[in-house]
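Taken in order, these protein sequences are the chains called C and E.
Numbering-wise, the first sequence is residues 0 to 481 according to numbering that gives the first Met the number 0.
Numbering-wise, the second sequence is residues 0 to 627 according to numbering that gives the first Met the number 0.
Ideal Cβ positions, reconstructed from N, Cα and C, are used throughout, including at glycine.
These numbers were taken from a predicted model, which means no experiment stands behind them.
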Amino acid sequence: MKGDTIAAIATAMTNSGIGIVRISGRDSFEIIDRIYQSKNGKKKISQMPSHTIHYGYICDHDKIIDEVMVLVMKAPNSYTTEDTVEIDCHGGILVMKRILETVIKYGARPAEPGEFTKRAFLNGRIDLSQAESVMDLIQAKNDIALESSIYQLQGSLKKKVKRIRSELIHEIAFIESALDDPEHISLEDYGIKLNQIIIDLTSQIVELLRFSENGELLKQGINTVIIGKPNAGKSSLLNLLAGIERAIVTEVEGTTRDVLQEQINLNGIILNLIDTAGIRETDDIVEKIGVDKAKAYLLDADLIIYVVDSSTKLDDNDNEILQLLRNRRVIILLNKCDLRQLTSEKEVRSALYDIDESKLNNEHENVEQENLNVIKYFPIISFSTKEEIGVKKLQSVIQELFFAGEIESNEEIFLINVRQKAALQSALNSLSLVKKSIEDQMPEDFYSIDLMSAYESLGNITGETIGDDLVNEIFSKFCMGK
Amino acid sequence: MPCVTETYDICVVGAGHAGCEAALASARLGLETIVFTVSVESIALMPCNPNIGGSSKGHLVREIDALGGQMGINIDKTFIQSKMLNSSKGPAVHSLRAQADKAEYSSIMRKTLENTDHLTIRQAEVTELMIEDGILKGVKTFSGAKYYSKAVVLCTGTYLKAKCLYGDVVNYTGPNGLQPANFLSESLKKNFVEIFRFKTGTPARIDRRSLDFSKMQEQKGDRRVIPFSFTTNPEDVQIDQVSCWLTYTNQKTHEIIKENLDRSPLYSGMIEGTGPRYCPSIEDKVVKFSDKERHQVFIEPEGLYTNEMYVGGMSSSLPEDVQHEMYHSVPGLENAKIVRNAYAIEYDCINPRQLYPTLEFKKIRGLFSGGQFNGSSGYEEAAAQGLVAGINAAMFVLNREPLVLDRSEAYIGVLIDDLVTKENREPYRMMTSRAEYRLLLRQDNADLRLTKKGYELGLISEERYQNVIQKEQLIAKEIERVEHVNIGANNLVQRILEEHGSTPLKHGTTLAELIRRPELNYEDLIEIDLGRPDLSYDVIEQVNIQIKYDGYIKRQLKQVKEFKKLENKKLPQNFDYSLIKSLRIEAKQKLNLYQPINVGQASRISGVSPADISVLLVYLEQRNHNRK
Numbered sequence: 000m001k002g003d004t005i006a007a008i009a010t011a012m013t014n015s016g017i018g019i020v021r022i023s024g025r026d027s028f029e030i031i032d033r034i035y036q037s038k039n040g041k042k043k044i045s046q047m048p049s050h051t052i053h054y055g056y057i058c059d060h061d062k063i064i065d066e067v068m069v070l071v072m073k074a075p076n077s078y079t080t081e082d083t084v085e086i087d088c089h090g091g092i093l094v095m096k097r098i099l100e101t102v103i104k105y106g107a108r109p110a111e112p113g114e115f116t117k118r119a120f121l122n123g124r125i126d127l128s129q130a131e132s133v134m135d136l137i138q139a140k141n142d143i144a145l146e147s148s149i150y151q152l153q154g155s156l157k158k159k160v161k162r163i164r165s166e167l168i169h170e171i172a173f174i175e176s177a178l179d180d181p182e183h184i185s186l187e188d189y190g191i192k193l194n195q196i197i198i199d200l201t202s203q204i205v206e207l208l209r210f211s212e213n214g215e216l217l218k219q220g221i222n223t224v225i226i227g228k229p230n231a232g233k234s235s236l237l238n239l240l241a242g243i244e245r246a247i248v249t250e251v252e253g254t255t256r257d258v259l260q261e262q263i264n265l266n267g268i269i270l271n272l273i274d275t276a277g278i279r280e281t282d283d284i285v286e287k288i289g290v291d292k293a294k295a296y297l298l299d300a301d302l303i304i305y306v307v308d309s310s311t312k313l314d315d316n317d318n319e320i321l322q323l324l325r326n327r328r329v330i331i332l333l334n335k336c337d338l339r340q341l342t343s344e345k346e347v348r349s350a351l352y353d354i355d356e357s358k359l360n361n362e363h364e365n366v367e368q369e370n371l372n373v374i375k376y377f378p379i380i381s382f383s384t385k386e387e388i389g390v391k392k393l394q395s396v397i398q399e400l401f402f403a404g405e406i407e408s409n410e411e412i413f414l415i416n417v418r419q420k421a422a423l424q425s426a427l428n429s430l431s432l433v434k435k436s437i438e439d440q441m442p443e444d445f446y447s448i449d450l451m452s453a454y455e456s457l458g459n460i461t462g463e464t465i466g467d468d469l470v471n472e473i474f475s476k477f478c479m480g481k
Numbered sequence: 000m001p002c003v004t005e006t007y008d009i010c011v012v013g014a015g016h017a018g019c020e021a022a023l024a025s026a027r028l029g030l031e032t033i034v035f036t037v038s039v040e041s042i043a044l045m046p047c048n049p050n051i052g053g054s055s056k057g058h059l060v061r062e063i064d065a066l067g068g069q070m071g072i073n074i075d076k077t078f079i080q081s082k083m084l085n086s087s088k089g090p091a092v093h094s095l096r097a098q099a100d101k102a103e104y105s106s107i108m109r110k111t112l113e114n115t116d117h118l119t120i121r122q123a124e125v126t127e128l129m130i131e132d133g134i135l136k137g138v139k140t141f142s143g144a145k146y147y148s149k150a151v152v153l154c155t156g157t158y159l160k161a162k163c164l165y166g167d168v169v170n171y172t173g174p175n176g177l178q179p180a181n182f183l184s185e186s187l188k189k190n191f192v193e194i195f196r197f198k199t200g201t202p203a204r205i206d207r208r209s210l211d212f213s214k215m216q217e218q219k220g221d222r223r224v225i226p227f228s229f230t231t232n233p234e235d236v237q238i239d240q241v242s243c244w245l246t247y248t249n250q251k252t253h254e255i256i257k258e259n260l261d262r263s264p265l266y267s268g269m270i271e272g273t274g275p276r277y278c279p280s281i282e283d284k285v286v287k288f289s290d291k292e293r294h295q296v297f298i299e300p301e302g303l304y305t306n307e308m309y310v311g312g313m314s315s316s317l318p319e320d321v322q323h324e325m326y327h328s329v330p331g332l333e334n335a336k337i338v339r340n341a342y343a344i345e346y347d348c349i350n351p352r353q354l355y356p357t358l359e360f361k362k363i364r365g366l367f368s369g370g371q372f373n374g375s376s377g378y379e380e381a382a383a384q385g386l387v388a389g390i391n392a393a394m395f396v397l398n399r400e401p402l403v404l405d406r407s408e409a410y411i412g413v414l415i416d417d418l419v420t421k422e423n424r425e426p427y428r429m430m431t432s433r434a435e436y437r438l439l440l441r442q443d444n445a446d447l448r449l450t451k452k453g454y455e456l457g458l459i460s461e462e463r464y465q466n467v468i469q470k471e472q473l474i475a476k477e478i479e480r481v482e483h484v485n486i487g488a489n490n491l492v493q494r495i496l497e498e499h500g501s502t503p504l505k506h507g508t509t510l511a512e513l514i515r516r517p518e519l520n521y522e523d524l525i526e527i528d529l530g531r532p533d534l535s536y537d538v539i540e541q542v543n544i545q546i547k548y549d550g551y552i553k554r555q556l557k558q559v560k561e562f563k564k565l566e567n568k569k570l571p572q573n574f575d576y577s578l579i580k581s582l583r584i585e586a587k588q589k590l591n592l593y594q595p596i597n598v599g600q601a602s603r604i605s606g607v608s609p610a611d612i613s614v615l616l617v618y619l620e621q622r623n624h625n626r627k
């Protein structure tokens, strides 16, 4: 038996009848023994003969997650030639995800793109002549994963994780520069200061985890904000989209009267739709709260749908909105295209172009973003909520924007979130080790070992590797001797 | 034209810290070796700071010593002050640093070279590599003499096309006004070697008699000195030590510098080389860290028989008159007489990406290189590479397996891997943070890590080897014993615990568990450990560290196991990666450029993604099968 233990969802990520979570590697049986309960509570999967199937429950401690069938395949008689367990569960996205997360909590790690196939190949299970296609598969799956993860992380998570990381690297660099240059930089009383920082960072990560447990992340969707001046047709759009998808997955509680949120499944793409109060400068206090909130949501949005009332001329309200769209991922709908057109694509483009020009002089943090976000290239769609014109086009544009057209990528996108959660958890563990080192009064150089692990784990979320980060931080922030 | 023609096994070009170790290693392995220097008086010269060791550099010296190199032995004979840095921190970052008597160090190294069999010293400037039909034949000197050899080791330091500057004054010399080497770069370029231009700098030297020490803080050495070399008797290094002195720059200093920045060759664009960020000139510090009100200045003696003092922390390339004003603004230096000006030096070196981890050029068989020529900085970094280059040149001639240390085995491994794998755009300095497994790579266990390798190479005597083997056994036996000594909660035990501020026992435990408590160590517990054998200090030290940090050490060992998996997957050489279709374009280009020796090295090249590594693994599997 080779390799650590990996897990993934093996079936399509849709709400279908049956789902399969697959585990492979040397600890597969140990893990399933810890989370599987048979009806009489006595059966141990590890002791069952190969290629048998068992009815029971997947549990996390006392909590039952789902009623399942578990299939055992002992090495070398499995796809990967490793000890393998397949959990057949109910096919809801949430259930599969919960099971996968439980498996990971008990010791597996999320599989890399194409890893089951890679293992099958490296363990001699797949014909050598197929090496080429195996290599292609790995690279292709990875591309999708990368693209989606980058696109998914436009919003708040990435920002928060980046902030935590930059705090971490700053502290590591401080410790390390003191170790490299003890006569110039002192670590006296540093433990106390670091302890406070760790407490703070820990609560930030806990918050992110909690968020991913209950909130947006778990639900997978693309945070989408609908924006537009009053009466442009925002609410109609929301109703239209929600109506297409009959089964509304959730309606988030506690939404204010000004910001309405719904989750819809648009042909396989899950959108968390947020309808905002019409944005315009206002003195009315109640309305002002709604407007401020809308602006805040805009900052965290992965996608902005800007509804333009094409039956009226662009006005100051529209210009105000346009300013908010810099460097964001935006789709513009020219609504009410069934009426007489006073604003066409041409006018909107020219307004966008003006903003783009002024933007050049304006420094912005997301410099790395590509053409997609350059304001003058925003997709513009003629739309009518009343006549339901343009819905198909909107769907395909969203697909293009987020998944480079590849809707099959759902599985990878899904796994990314599981990986993100695993990474947050492991960063949390590392920070608790730092805390323990401080409490045990270990020398300061031990702190940086676990701080670095936390930094590395969080890097997996933002897709950043370590490289020369530390050395660069040391040299740029701390004055070294000689 | 008739000319002198001689034949050797190995030519070493340069006799600085890299060249000396290279030449000694090769000659000690029985190969006829000739070492060239532009001046015999400048053998093992220390043209910058007067110390050896320091954070992580001390580790390098220990490792050089464990492999059979010379630096540790010679600094033990010539140091005038010594300190164990970071002694209040964990054992991984303890680092020895000694102030050297520069002239003595240089002279003892010269004697060592002169008295080594198979080693010839030759004062001459090497101007050309002799390469015929793509095969390296030896070197030519300025006079036209030809030295044939099977391998060549280049350790040219900062001498290639060297240029020293301060203000608008430019001297086309090597360090300390020594003769530069102006021809070899062209010969290298002709052979398609990629050249970088780097720069570094040094502060002024001032006359001790002109200083007012009452305005400075005295910095003494450690009371108990620990030697660098594992072969030095610790009693031999308990000498009378000299002091260093600490003072500070102030606002006035900074104003003088700021007012004259436009006269610095760095800011006027006269310097084109890339300088090291970790060793900034005082003008860099003042500009970059403008919020700092003062910077430390260490006044360090250059030797016992000279009045020259080194002004640590104030290297500069400002004009002479500004230097005077600036140094005089520092408390204690008001009347300082400058003996030698501070200056910046610019020199040619290579892009080390062109080397294998053996330090052999990928494109020129038999050509090795080490030291600042490879884009590093520091005496210790140079010596470490020189040793490896010398050993591997010898292994090449002897047709034996080369020495490659990986990142989990030695700081030397980290140093060389970083140099040949990462994109290096400034002089490279060793730092403990660069070693990801630093808890395993301690200065205290360098002998346990590397002596065996030195012995197998032929650089360590049978006796020394046996001593290490014995030490290893004693440590293992004692750890085993301590893990199994049961300690009951009796009165004596509680009293000892109380004395050391440790919580009393509720029930029995093992001695090892007590040692793991932060406030206790092996030696504190002698009274309650009745069966304790009589062991030497260095065995006790290892037992204590290995038990105390057991948890962390085990974690790193586990990481190393993972790391080794990829390190052990060898990649073919001179391979065309564009043949592997599924690799991304950037990965193909980088892999073709670097030609990594194993998958581990490939994974550290920037621009090669984890998915590319998976693709490589699949490709290797297929390839190995097809070959069977």
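Handout entry: Distance, residue 315/C Cα to residue 234/C Cα
Key = Along the first sequence, one-based indexing puts residue 234/C at 235. Along the first sequence, one-based indexing puts residue 315/C at 316. Rounded to whole angstroms, residue 234/C to residue 315/C spans 21 Å at the Cα level.
Practice task
Could you tell me whether the Cβ of residue 312/C comes closer than 7 Å to any Cβ of chain E?
Solution key: Here residue 312/C is taken as the residue at index 313 of the first sequence, counted from 1. Answer no: the Cβ-Cβ gap between residue 312/C and chain E never drops below 7 Å.
Handout entry: Within chain C, partners of residue 91/E - CB distance below 8 Å
Key = Counted from its first residue, the second sequence places residue 91/E at position 92. Going along chain C in sequence order, the residues near residue 91/E (Cβ under 8 Å) are 444.
Problem - Three-pair Cβ contact test at 8 Å for the segment 48 to 66 of chain E versus the segment 87 to 99 of chain E - result: Yes, the segment 48 to 66 of chain E touches the segment 87 to 99 of chain E.
Exercise for the section: With 7 Å as the threshold, decide whether the Cβ of residue 169/C is near any Cβ in chain E. Expected result: Along the first sequence, read from residue 1 onward, the residue named residue 169/C stands at position 170. Not closer than 7 Å to any Cβ of chain E, the Cβ of residue 169/C fails to qualify, so no.
Handout entry: Proximal chain E residues relative to residue 175/C, where beta-carbon distance stays under 8 Å
Key = Residue 175/C sits at position 176 when you count from the first residue of the first sequence. Result: 430, 431, 432.
Exercise for the section: From the DSSP output, in three-state form, read off residue 224/E for me. Expected result: As a working mapping, residue 224/E is identified with position 225 in the second sequence. In the structure shown, the three-state DSSP call for residue 224/E is coil.
Problem - chain E contact for residue 474/C (CB, 7 Å cutoff) - result: The residue labelled residue 474/C in the question sits at position 475 within the first sequence. Closer than 7 Å to some Cβ of chain E, the Cβ of residue 474/C qualifies, so yes.
Exercise for the section: Give the straight-line distance between the Cα atoms of residue 184/C and residue 464/E, rounded to the nearest whole angstrom. Expected result: As a first step, residue 184/C is located in the first sequence; it is residue number 185 there, counting from the start. As a first step, residue 464/E is located in the second sequence; it is residue number 465 there, counting from the start. Cα to Cα, the separation comes out at about 40 Å.
Practice task
Give the interface partners of residue 551/E over in chain C, defined as CB-CB distance under 8 Å, in chain order.
Solution key: Within the second sequence, numbered from 1, the residue matching residue 551/E stands at position 552. Under the 8 Å cutoff, chain C gives 445, 448.
Practice task
Answer yes or no: do residue 5/C and residue 162/C have a C-beta to C-beta separation smaller than 7 Å?
Solution key: The count along the first sequence starts at 1 and reaches residue 5/C at position 6. The count along the first sequence starts at 1 and reaches residue 162/C at position 163. No, they are not a contact pair.
Handout entry: Span of the beta strand (DSSP E), counted from its first residue to its last, around residue 308/E
Key = Within the second sequence, residue 308/E is the residue found at index 309, counting from 1. Taken as a continuous stretch (DSSP letters only), the beta strand (DSSP E) holding residue 308/E covers 307 to 311.
Handout entry: Among 191/C, 42/C, 100/C, the one whose alpha carbon lies nearest that of residue 436/C
Key = Along the first sequence, read from residue 1 onward, the residue named residue 436/C stands at position 437. Comparing Cα positions, the closest option is 191/C.
Exercise for the section: Please report how far the alpha carbon of residue 10/E lies from the alpha carbon of residue 386/E, in whole angstroms. Expected result: Taking the first residue of the second sequence as position 1, residue 10/E is located at position 11. Taking the first residue of the second sequence as position 1, residue 386/E is located at position 387. Cα-Cα distance, rounded: 14 Å.
Problem - Beta-carbon neighbours of residue 117/C, restricted to chain E and to distances below 7 Å - result: The residue given as residue 117/C occupies position 118 in the first sequence. The answer, in chain order, is 613, 617.
Exercise for the section: Please confirm if residue 453/C has its CB atom under 7 Å from at least one CB of chain E. Expected result: Locating residue 453/C in the first sequence gives position 454, where the first residue counts as 1. Judged by the 7 Å Cβ criterion, residue 453/C is not in contact with chain E.
Practice task
Compare the Cα-Cα distances from residue 110/C to each of 44/C, 36/C, 23/C and report the closest residue.
Solution key: If you number the first sequence from 1, residue 110/C lands on position 111. Nearest in C-alpha terms to residue 110/C, of all of 44/C, 36/C, 23/C, is 23/C.
Exercise for the section: For residue 547/E, name the three-state secondary structure that DSSP assigns. Expected result: As a first step, residue 547/E must be located in the second sequence, where it is residue number 548. Helix at residue 547/E.
Practice task
Give the residues from the segment 426 to 437 of chain C that approach chain E closer than 8 Å (Cβ to any Cβ), ordered along the chain.
Solution key: Considering only beta carbons, no part of the segment 426 to 437 of chain C lies closer than 8 Å to chain E.
Exercise for the section: Name the one or two DSSP bridge partners that residue 599/E has. Expected result: By one-based count along the second sequence, residue 599/E stands at place 600. Secondary-structure assignment with DSSP links residue 599/E through no beta bridge to anything.
Problem - Range covered by the alpha helix (DSSP H) that runs through residue 446/C - result: The residue you call residue 446/C lines up with position 447 of the first sequence. Note, residue 446/C: alpha helix (DSSP H), 443 to 461.
Exercise for the section: Mind checking the segment 70 to 96 of chain E against chain C and listing, in chain order, the residues whose C-beta falls within less than 8 Å of any C-beta there? Expected result: Those residues of the segment 70 to 96 of chain E that come within reach of chain C (Cβ to Cβ, closer than 8 Å) are 84, 85, 87, 88, 89, 91, 92.
Exercise for the section: Kindly confirm or deny that the segment 90 to 98 of chain C and the segment 112 to 126 of chain C touch, where touching means at least three C-beta pairs closer than 8 Å. Expected result: The segment 90 to 98 of chain C makes no contact with the segment 112 to 126 of chain C; the number of CB pairs closer than 8 Å stays below 3.
Practice task
Verify the CB distance criterion: does residue 130/C have a CB-CB separation below 7 Å to chain E?
Solution key: By one-based count along the first sequence, residue 130/C stands at place 131. Judged by the 7 Å Cβ criterion, residue 130/C is in contact with chain E.
Practice task
Check the Cβ of residue 48/C against every Cβ in chain E and list those closer than 9 Å, keeping chain order.
Solution key: Within the first sequence, the letter at position 49 stands for residue 48/C. Using a Cβ-Cβ cut-off of 9 Å, residue 48/C is close to nothing in chain E; its nearest Cβ partner there is about 31 Å away.
Problem - Selection of the segment 255 to 279 of chain E by Cβ proximity to chain C, strictly under 8 Å - result: Along the segment 255 to 279 of chain E, going in chain order, the ones with a CB nearer than 8 Å to a CB of chain C are 276, 277, 278, 279.
Handout entry: Nearest-angstrom Cα separation, counted from residue 472/E out to residue 69/E
Key = Mapped onto the second sequence, residue 69/E falls at position 70. Mapped onto the second sequence, residue 472/E falls at position 473. Cα to Cα, the separation comes out at about 27 Å.
Handout entry: Three-state class that DSSP yields for residue 421/E in the structure shown
Key = Translated into the one-based positions of the second sequence, residue 421/E becomes position 422. Taken through DSSP and simplified to helix, strand or coil, residue 421/E comes out as coil.
Practice task
State the CB to CB distance for the pair residue 34/C and residue 105/C, rounded to an integer number of angstroms; the pair is presumed to be in contact (CB under 8 Å).
Solution key: Position 35 of the first sequence, counting from 1, holds the residue named residue 34/C. Position 106 of the first sequence, counting from 1, holds the residue named residue 105/C. Between residue 34/C and residue 105/C a beta carbon distance of about 6 Å is seen, short of the 8 Å cut, so the two are scored as contacting.
Problem - Cβ-based neighbour list, residue 171/E, same chain, cut-off 6 Å, excluding 5 preceding and 5 following - result: Here residue 171/E refers to the residue found at position 172 when the second sequence is read from its first residue. Hits under 6 Å: 162.
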